[in-house]
Amino acid sequence: MTLPLISVALCTYNGEKYIEAQLNSLIHQTYKNLEIIIVDDGSTDDTARLIQQMAANDGRIKFYRNEQNLGFNQNFQKAIGLTTGEYIAICDQDDIWAENKIEILHQHIGDNWLIFSNSSCIDEQDKTLEWNILRDFNFGSRNYKSILLHNWVTGHTTLFKREFLDYLLPIPPYGYYDWWMGFVALYHNKITYLDQVLTRYRIHSASVTQQEQNITEKAYKLKWLEIVLTMVNNFRQYKNLAAADQLYINKLYRALASKKHSLISFPLLSIINRDYHNFFPDSKQRKPLSRLNFAFKFAKGFKFLKP
């Protein structure tokens, strides 16, 4: 029996240092019926030459270069548009995949639109660090509210079906594409999690994870709020939202926005207190007083923070 074609969508930008290792981990996948779609977004280093060199030796690699920089989300959407496979996997330019990653994800996706897995972390010298991307994570039974305030779907761990694109696209130009993917799939209850480490995720000076560790607490909290506001604004505009859910997300957006200029956002306190277990299903169960105390701290405005 012929296995379905699976496309790997890979976006690059000045990734010369690690692109060969990433591509080698794709080329040697145990699942062989692949196409590897690479779209470069205007690299000024040696990335393009290295890719072209590897593409000359493997016909599954198809390489495209943008005439002008599109930015990651739009470049990612372009890469998806160039794929032809029944399934699509997302790939960063600097990680290393387990050789059976695609095979295992394909085996476990079932009737879902999207499956995601876990990643270990490595440094610039390929040394394994002491933590995984998802820690103490139990997918269990959760609804769309669990992904409104924080993302637990990392794009480089995903495999999804082409039919998902009818719901996923267009990808909002601002925010995180994988957070959007997770929200849309979860909203329709068409997502599953495989608790296996199938990717070695690289943390280096240019990575988002490392950049977030290098800023002050106040700057981090302000940045977090801006990111969440961007994503919640995206979610409330999702084309297939039920009216009641759109009303709820609009209410959450306004409550979050008021946090920027208030001592405390009482609307946010009320929402978090009422829906704590939906927002934070992986956190400890709290009794009413503890839950209210948590909601109060969460709803504190930035006037409480020292410069």
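Residue 4 is where the sequence shown starts when you use the working numbering, and the numbers rise one by one after that.
The beta carbon of each residue, even a glycine, is placed where N, CA and C say it ideally should be.
{"Query": "Below 8 angstroms between beta carbons: does that hold for Y34 and I105?", "Result": "yes"}
{"Query": "Could you tell me which of L137, L171, S144 and N141 sits nearest to L117, measuring between CA atoms?", "Result": "L171"}
{"Query": "If the criterion is Cβ atoms closer than 8 angstroms, does the pair I64 and I91 meet it?", "Result": "no"}
{"Query": "Could you work out which residue in L151, R203, L137 and S120 is closest to F163 when comparing CA atoms only?", "Result": "S120"}
{"Query": "Terminal residues of the continuous beta strand (DSSP E) containing D43?", "Result": "L37 to D43"}
{"Query": "Please classify A302 as buried or exposed, where buried requires at least 16 neighbouring CB atoms within 10 angstroms.", "Result": "buried"}
{"Query": "Measure from the alpha carbon of F271 to the alpha carbon of each residue in F283, H280, A258 and Q25, then state which is nearest.", "Result": "Residue identity differs from the one stated: residue 271 is Leu in this sequence, not Phe. The candidate whose alpha carbon is nearest that of L271 is A258."}
{"Query": "Do the CB positions of V200 and S122 come within less than 8 angstroms of each other?", "Result": "yes"}
{"Query": "When burial is assigned at 16 or more other CB atoms within 10 Å of the CB, is R205 buried or exposed?", "Result": "buried"}
{"Query": "Tell me the residue span of the alpha helix (DSSP H) that contains V156.", "Result": "Element bounds for V156: n/a, residue is neither H nor E."}
{"Query": "Taking N192 as the reference, which of Y67, T219 and S149 has the closest Cα?", "Result": "S149"}
{"Query": "Short check: CB of N276 to CB of A298, under 8 angstroms?", "Result": "yes"}
{"Query": "Verify whether the separation of the beta carbon atoms of I41 and F66 is less than 8 angstroms.", "Result": "yes"}
{"Query": "Compute the Euclidean distance between the alpha carbons of N17 and L108, then round it to the nearest angstrom.", "Result": "29 angstroms"}
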